[in-house]
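Chemist: As numbered in UniProt numbering, residues 1 to 746 make up the sequence shown, in order. Ideal Cβ placement from N, Cα and C applies to all residues, glycine included.
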Amino acid sequence: MLNLALTLILLFYNLKLSPVPEDKSKSGISFTKNSSDIQLDTTQLDTQKVRLYLNQIAKRPNESSQQKEINIIYNYSKKINYKKGIALSYFTMGELAIQKRNFTEAIKYFRKSGMLFSNIRDTLFIAKSSLNMADIYESLQKPDSAIKYYNKSLLLFENLKDLDKQSLIYTNLGIVCDYIGDYSNAMRNYVKSFEIDKSLKNTDSYGVHLNNIGQVFTSLKLNKKAIDYLTQSVKASGLINDTLTMCYAYVGLNNAHLNAGNIKAAEDFINKAIDLQSKLKEKDYFLLSLSYTDLGRVFISKNQFLLAEKNLKTAFEIGKKYDHLYCKLYALGYTAQLHNQLNEFSKAESTSKLALSLLSDVKLTPVRITILNQLKETYARQQLFDKAYQIQEEIHDLNRLNTYEIHVKNISELSANLDLSQEKRINDLRVSKQREELMVRIEKQKIIIFFTILVLACLGVLAINSIKNHNNQKQINNALMLKNKEIEANRKEIDKQSRDLVQLNEYKDVIFTIISHDLRKPLGHLSSILELLENHIIDEQDLKTVIPHISKNVKNTSQILDSLLVWAKSQLKGFNLKFKQVNLFEFVNNRIETLVPFAKEKNINIYNTIDPSVNFYTDALLVTIIIRNLVLNSIKYSNDSQNIYIGAEIIDNYVFIQVKDEGIGMDQEQLNSLFGPQTKTTLGTKKEQGTGLGLFFCRDLVKKSGGKLSVKSKLNQGTTVTFSVPYYLEMPLAEEKDKDSSYIVS
């Protein structure tokens, strides 16, 4: 029953003619300033201008002005015997009467216009007049007359091949049949309407069609089918934001679940419907009234009678205010049920009789049966069985004319033959909408591309001028760039010279430090001893005692000079490594022998753990200086009776030589400042002194030989120094000798 409103919403729009743009300069129509009235110059009117003007009148806001203007056109058309102008005047008068809900006047005008259009054989307006008549009779709850005129207009629109109008008429016929309980024909008409829209690919109507079919299943209490179709209607309507159809579907779902006894689901759906309607700018009061009645039904089922009464009263008042007969009857029928459940039989009887009096001879069979059932219930519960039996006989007669089983059979056949895969239709709708959105995006992209090309063209013109200016500027810039490059090259050279000067100054300070401290002191000792010998202050026995000390100082000084000389040579351009083959084990043993006297002073053991089979080419002098400095450092910072280990391993074409001690070690701060010519020396475990430059020299020499040096140390846990040199099994080529690597401290 609910699907009537879907068509009523469109009813008045369909009754109006589409506006045609007017040529104000030639129509004989002029507008007065600050007024909606139109001044007519009938001396300039002709038949074409009459048609154009009448098409606009129905849109005028001033009713008295509208009627006055139509009368002018009517009289003028009659004067010149323009029959179509007379017919159009009646037709427009009928439209205005519908707007004022003066249906009796509207019927009179449409009958006159229909007769005149028949005389001049204007099929289109005969069809429109018949369609308007059908819509009026539907609003007046006169289904027989409505069906008659719908069928007449349908034949005419079929001749005109207007499929859109045919679809609309089939839907309206379905609604009328639904109201009178002719569910078979209702379904048949809904299916025809759906098939037409499907052929037109009018996907926007899917939600409406699914709702209408679902409502028929609801009326027949085929609840599973109803829920299926109405759920699909919600989905389809949601895809196109058709909120009103969604509301109708929610109301239908409420009824289907209520019929099935699912009170909670029914309540959820009816609340959704009311909530959505509250957000609509233009209210559908027909649907709103039905929604409040259905909410009242839910509360009756939950025995919440006060809430039920409140909502049923609201529904009736809306129907009364907007003169919707069906809404009033629907609310009264369930109000009678409420009174019966409350044992208020007097109120139930008066309510049912009021509904029947409003119904009168209107052919709304399902509503009449609902009301009669409540009246029968009222009498039966008062044990007025004679009256109850009379009502039952009346209900039986109505049902005999409207057999439920026949409708179910017919509708089952229709739904079985209906080429409708619900999910497929929804998917088609989704694809259609996506296609539409894609087309919109494509159009936007076309506009963007057009303006992009336009902008690029403008930019192209600017670019040509810019290129000309650029070429002139480029010549100037090239000259400036050459000068800038020259200046930059000079600046870099000056910076390099400045850095070299700073580095040379640091090296100078290093050399002077070594000469002034480590060389001067042992030479001073030697000079003093020689002076004592010269003056015969010490005898031969004392001389034998100091000779080992003198020898040690001389060797130490000589080795310092060797290291200094080799390092100084390495700083010069053109420094070359001198490779020779060595057996690393024997080579290290020979170097250790020269250091044994220093180790014995602290009773320190030096262990050579190198594999005796390791043979390779290297610069023996550089490796000698590096090993000597590292071992001396280990002796210096080791305590008595500790050990020093020298090992080696070959990894990725490099020989990694490791000197590990068990001495006092270093903290992180000392490790971070370990390298550099500014490094300050620290005393050994027995106050031994040194230059503090041993690791600085070693790092630099390792780098020159193409290797890396790393230091690992922990305070009071000893130090491990590892350096690498290339592992050459044959005499290396010239380019391999020039390798240079950085150092690592960890």
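What three-state label does DSSP hand Val234 in the structure shown?
Modeler: Here residue 234 corresponds to residue number 234 of the sequence shown, with the count starting at 1. Helix at Val234.
Chemist: Just mark Ser36 as buried or exposed, buried being the case when its beta carbon has 16 or more other beta carbons within 10 Å.
Modeler: The sequence position of residue 36 within the sequence shown is 36, counting from 1. Per-residue confidence for Ser36 stands at a pLDDT of 39, beneath the threshold of 50, marking its modelled position as unreliable; the derived number appears in the next sentence. By the neighbour-count criterion, in which 16 or more other beta carbons inside 10 Å mark a residue as buried, Ser36 falls on the exposed side.
Chemist: Touching or not, the region 102-109 and the region 323-341, by the rule of three or more beta carbon pairs under 8 Å?
Modeler: Contact between the region 102-109 and the region 323-341 is not established, with fewer than three Cβ pairs separated by less than 8 Å.
Chemist: Exposed or buried, what is Lys580 when buried is set at 16 or more other beta-carbons lying within 10 Å of its beta-carbon?
Modeler: In the sequence shown, residue 580 corresponds to position 580, counting from 1. Lys580 comes out exposed.
Chemist: Buried or exposed: where does Tyr389 fall if 16 or more other Cβ atoms within 10 Å of its Cβ makes it buried?
Modeler: Position 389 of the sequence shown, counted from the start, is the residue given in the question as residue 389. Exposed, since its Cβ has fewer than 16 Cβ neighbours within 10 Å.
Chemist: When you compare each of Tyr250, Phe585, Lys100, Lys302 to Val614 by their alpha carbons, which one comes out closest?
Modeler: As a working note, residue 614 is residue 614 in the sequence shown. Put simply, of Tyr250, Phe585, Lys100, Lys302 the residue whose alpha carbon is nearest the alpha carbon of Val614 is Phe585.
Chemist: Give the straight-line distance between the Cα atoms of Asp619 and Asn576, rounded to the nearest whole angstrom.
Modeler: Counting from one through the sequence shown, the residue named residue 619 turns up at place 619. Counting from one through the sequence shown, the residue named residue 576 turns up at place 576. Cα-Cα distance, rounded: 10 Å.
Chemist: Please state the DSSP three-state secondary structure of Ser89.
Modeler: Residue numbering aside, residue 89 sits at position 89 when the sequence shown is read from its first letter. Looking at Ser89 - three-state DSSP - the assignment turns out to be helix.
Chemist: Taking Tyr179 as the reference, which of Gln141, Tyr74, Asn340, Asn151 has the closest Cα?
Modeler: As a working note, residue 179 is residue 179 in the sequence shown. With distances taken between Cα atoms, Tyr179 lies closest to Gln141.
Chemist: Where Glu486 and Ser527 are concerned, what is the direct C-alpha to C-alpha distance, given to the nearest angstrom?
Modeler: Here residue 486 refers to the residue found at position 486 of the sequence shown. Here residue 527 refers to the residue found at position 527 of the sequence shown. About 58 Å.
Chemist: Could you tell me the distance, in whole angstroms, from the CA atom of Thr218 to the CA atom of Ala226?
Modeler: Locating residue 218 in the sequence shown gives position 218, counting from the first residue. Locating residue 226 in the sequence shown gives position 226, counting from the first residue. Going by the C-alpha atoms only, they are around 5 Å apart.
Chemist: Put Ala186 into one of helix, strand or coil per three-state DSSP.
Modeler: Taking the sequence shown and counting its residues from 1, one reaches residue 186 at position 186. Ala186: helix per DSSP, three-state reduction.
Chemist: Take Arg121 as the anchor and find which of Leu96, Asn132, Leu154, Ala87 has the nearest alpha-carbon.
Modeler: Residue 121 sits at position 121 when you count from the first residue of the sequence shown. Taking only the C-alpha atoms, the option nearest Arg121 is Ala87.
Chemist: Taking the C-alpha atoms as reference points, what is the distance between Lys602 and Glu488?
Modeler: Stepping through the sequence shown from its first residue, residue 602 is reached at position 602. Stepping through the sequence shown from its first residue, residue 488 is reached at position 488. Here the C-alpha atom of Lys602 lies approximately 59 Å from the C-alpha atom of Glu488.
Chemist: Taking the beta carbon of His396 as the centre, do at least 16 other beta carbons fall within 10 Å, making it buried, or is it exposed?
Modeler: As a working mapping, residue 396 is identified with position 396 in the sequence shown. The residue is exposed, with fewer than 16 neighbouring Cβ atoms inside 10 Å.
Chemist: Under the three-state reduction of DSSP, which class applies to Leu160: helix, strand or coil?
Modeler: Locating residue 160 in the sequence shown gives position 160, where the first residue counts as 1. Three-state DSSP puts Leu160 in coil, outside helix and strand.
Chemist: Alpha helix (DSSP H) containing Glu586: first to last residue?
Modeler: Along the sequence shown, read from residue 1 onward, the residue named residue 586 stands at position 586. Where Glu586 is concerned, the enclosing alpha helix (DSSP H) stretches over 584-593.
Chemist: Look at Pro726 and Asn653 and say whether their C-beta atoms are less than 8 Å apart.
Modeler: Position 726 of the sequence shown, counted from the start, is the residue given in the question as residue 726. Position 653 of the sequence shown, counted from the start, is the residue given in the question as residue 653. Yes; because the gap between Cβ atoms is below 8 Å, this pair is in contact.
Chemist: Could you please give the first and the last residue of the uninterrupted alpha helix (DSSP H) stretch that includes Pro732?
Modeler: Within the sequence shown, numbered from 1, the residue matching residue 732 stands at position 732. Premise fails: Pro732 is in no alpha helix (DSSP H) and is neither H nor E.
Chemist: Can you name, in chain order, every residue of its own chain whose Cβ lies under 7 Å from the Cβ of Leu729, other than the five neighbours on each side?
Modeler: As a position in the sequence shown, residue 729 is number 729, starting the count at 1. For Leu729, where only same-chain residues beyond five positions count, the Cβ hits under 7 Å are Phe616.
Chemist: Can you name the residues that DSSP bridges to Gly647?
Modeler: Here residue 647 is taken as the residue at index 647 of the sequence shown, counted from 1. Gln658, per the DSSP bridge assignment.
Chemist: In three-state terms, what does DSSP make of Ser613?
Modeler: Your numbering for residue 613 matches position 613 in the sequence shown. Correct three-state label for Ser613: coil.
Chemist: Considering only the alpha carbon of each residue, which of Thr545, Asn303, Asn633, Gln67 lies closest to Glu688?
Modeler: Position 688 of the sequence shown, counted from the first residue, corresponds to residue 688. Per the Cα distances, Asn633.
Chemist: Rounded to whole angstroms, how far is the Cβ of Ser291 from the Cβ of Val251, which I believe are closer than 8 Å?
Modeler: Working through the sequence shown from its first residue, we reach residue 291 at position 291. Working through the sequence shown from its first residue, we reach residue 251 at position 251. Contact holds; Cβ gap of about 6 Å.
Chemist: Here's the rule I'm using: 16 or more other beta-carbon atoms within 10 Å means buried, otherwise exposed. How should Phe451 be labelled?
Modeler: Working through the sequence shown from its first residue, we reach residue 451 at position 451. With fewer than 16 other CB atoms across the displayed protein chains lying within 10 angstroms of its CB, Phe451 is exposed.
Chemist: Taking the beta carbon of Leu45 as the centre, do at least 16 other beta carbons fall within 10 Å, making it buried, or is it exposed?
Modeler: Locating residue 45 in the sequence shown gives position 45, where the first residue counts as 1. Confidence is the limiting factor: at Leu45 the pLDDT is only 49, short of 50, which leaves the residue's position unreliable, though a coordinate-based value still follows. Buried: at least 16 other Cβ atoms inside 10 Å.
Chemist: Could you give the residue range of the alpha helix (DSSP H) that holds Thr293?
Modeler: Position 293 of the sequence shown, counted from the first residue, corresponds to residue 293. Looking at the DSSP string, the run of the alpha helix (DSSP H) that includes Thr293 is 285-301.
Chemist: Check whether the Cβ atoms of Ile270 and Asp294 lie closer than 8 Å to each other.
Modeler: For the purposes of this step, residue 270 is taken as residue 270 along the sequence shown, with counting starting at 1. For the purposes of this step, residue 294 is taken as residue 294 along the sequence shown, with counting starting at 1. Cβ distance < 8 Å, so Ile270 and Asp294 count as in contact.
Chemist: From the DSSP secondary-structure annotation, give me the bridge partner or partners of Pro726.
Modeler: Here the question's residue 726 lines up with position 726 in the sequence shown. In the DSSP output, where bridge partners are listed per residue, Pro726 has Tyr654.
Chemist: Between which residues of its own chain and Asn608 is the CB-CB distance below 6 Å, once the five residues before and five after are set aside?
Modeler: Looking up residue 608 in the sequence shown gives position 608. Around Asn608: Val588, Asn589, Ile646.
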